[in-house]
Amino acid sequence: MSHHEHVKIIAFVGLTGSGKSTAVKHFTDHGIPKIITTSRDELASEIDNLRAAGRHTVILDGLDSLDTLTWLKHRHPGAVHVVALVSPHRYRIRRTPQLNGTELDQTDWGHVETGTLGAVIALADDYVVNDGSLADLLNRLDTLKLL
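If you read the sequence shown in the working numbering, its first letter stands for residue 52, the second for the next number, and so on.
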């Protein structure tokens with residue numbers, strides 16, 4: 052069996068407070084298993100195990116490495132769908148009370164400067180703007196018809 056046969060991998064990406072966890076929960080509440088991205092070997096093993104168990108759609112909770120995205124797309128051609136959640140800074144500050152504005156800025160810059168999260172967001176297949184209510188976000192996610 053080829054690595055990409057009958058598998059759909061949906062990866063949610065975005066800066067802190069953009070709504071990734073909410074998006075992931077929305078889909079796991081519909082019975083879709085999630086994988087928190089780890090090493091490539093663990094990720095490959097978890098995807099293969101879920102597929103072997105008859106699960107054909109998996110959610111990746113966070114994907115901040117361009118190298119991992121490239122590897123996934125090579126290993127599972129046509130099966131990886133990246134959804135970037137974007138949200139204005141003022142909303143993300145409210146959603147992350149554990150961080151003040153300066154700490155959130157430092158976290159953002161750390162993701163963009165030292166990692167490749169900015170590139171992963173730029174290469175997303177879909178963008179969801181999270182600037183309204185929870186119901187608005189869930190409706191926007193549902194209109195993507197990912198399932």
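Think of the CB as a built atom: it goes at the ideal place given N, C-alpha and C, for glycine as much as any other residue. What you are looking at is a predicted structure, and each value in this text was computed from that prediction instead of being measured.
Q. Are the beta-carbon atoms belonging to K59 and H132 less than 8 Å from one another?
A. Taking the first residue of the sequence shown as position 1, residue 59 is located at position 8. Taking the first residue of the sequence shown as position 1, residue 132 is located at position 81. Yes, they are a contact pair.
Q. Across which residues does DSSP place D112 in a beta bridge pair?
A. On the sequence shown, residue 112 is found 61 positions in, with the first residue counted as 1. Looking at the DSSP assignment, D112 forms a beta bridge with F63 and I87.
Q: If I'm right that N181 touches S116 with Cβ under 8 Å, what's the distance once you round it to whole angstroms?
A: Sequence index remark: in the sequence shown, residue 181 carries index 130 (1-based). Sequence index remark: in the sequence shown, residue 116 carries index 65 (1-based). Actually they are not in contact, since the Cβ atoms of N181 and S116 sit about 22 Å apart, beyond 8 Å.
Q: Use the C-beta contact count for I110: other C-beta atoms within 10 angstroms, 16 or more gives buried, fewer gives exposed.
A: Translated into the one-based positions of the sequence shown, residue 110 becomes position 59. It counts as buried.
Q.
For R102, tell me which candidate among H127, W122, T88 and L120 has the shortest Cα-Cα distance.
A. In the sequence shown, the residue the question calls residue 102 occupies position 51. Of H127, W122, T88 and L120, the residue nearest in Cα terms is H127.
Q: Could you spell out the range, first to last residue, of the alpha helix (DSSP H) harbouring L185?
A: Locating residue 185 in the sequence shown gives position 134, where the first residue counts as 1. Here the alpha helix (DSSP H) through L185 covers L185 to T194.
(Q) Tell me the rounded alpha-carbon separation between H54 and T79. (A) The sequence position of residue 54 within the sequence shown is 3, counting from 1. The sequence position of residue 79 within the sequence shown is 28, counting from 1. Per-residue confidence for H54 stands at a pLDDT of 47, beneath the threshold of 50, marking its modelled position as unreliable; the derived number appears in the next sentence. Between H54 and T79, the C-alpha separation is close to 23 Å.
Q.
Please return the same chain residues whose Cβ sits closer than 8 Å to the Cβ of A74, not counting the five positions on each side in sequence.
A. Reading the sequence shown from its first residue, position 23 is the one you call residue 74. Hits under 8 Å: F63, V134, L136, V179, L188 and L192.
Q: Please determine, among L185, D177, A186 and D92, the residue with the shortest C-alpha to C-alpha distance to K196.
A: The residue labelled residue 196 in the question sits at position 145 within the sequence shown. The residue with the shortest Cα to Cα distance from K196 is D177.
Q: Report the three-state DSSP secondary structure of A135 (helix, strand or coil).
A: Position 84 of the sequence shown holds residue 135. Of the three classes helix, strand and coil, the one that applies to A135 here is strand, per DSSP.
Q. Of the choices H77, S96 and H140, whose alpha-carbon is the least far from that of L198?
A. For this step, residue 198 is matched to residue 147 along the sequence shown. Considering only alpha carbons, the answer is H77.
**Q.** Residue from K85, H81, I98 and L66 whose Cα sits closest to the Cα of D57
**A.** Numbered from its first residue, the sequence shown carries residue 57 at position 6. Looking at the sequence provided, one finds His at residue 57 rather than Asp. Out of K85, H81, I98 and L66, I98 has the C-alpha closest to the C-alpha of H57.
Q. At what residues does the beta strand (DSSP E) containing D177 begin and finish?
A. Within the sequence shown, numbered from 1, the residue matching residue 177 stands at position 126. Residues D177 to V180.
Q | Alpha-carbon spacing of M52 relative to I86, whole angstroms | A | For the purposes of this step, residue 52 is taken as residue 1 along the sequence shown, with counting starting at 1. For the purposes of this step, residue 86 is taken as residue 35 along the sequence shown, with counting starting at 1. Residue placement at M52 is flagged as unreliable, the pLDDT there being 40, under the threshold of 50; the coordinate-derived value follows with that caveat. Taking the straight line joining both Cα atoms gives about 21 Å.
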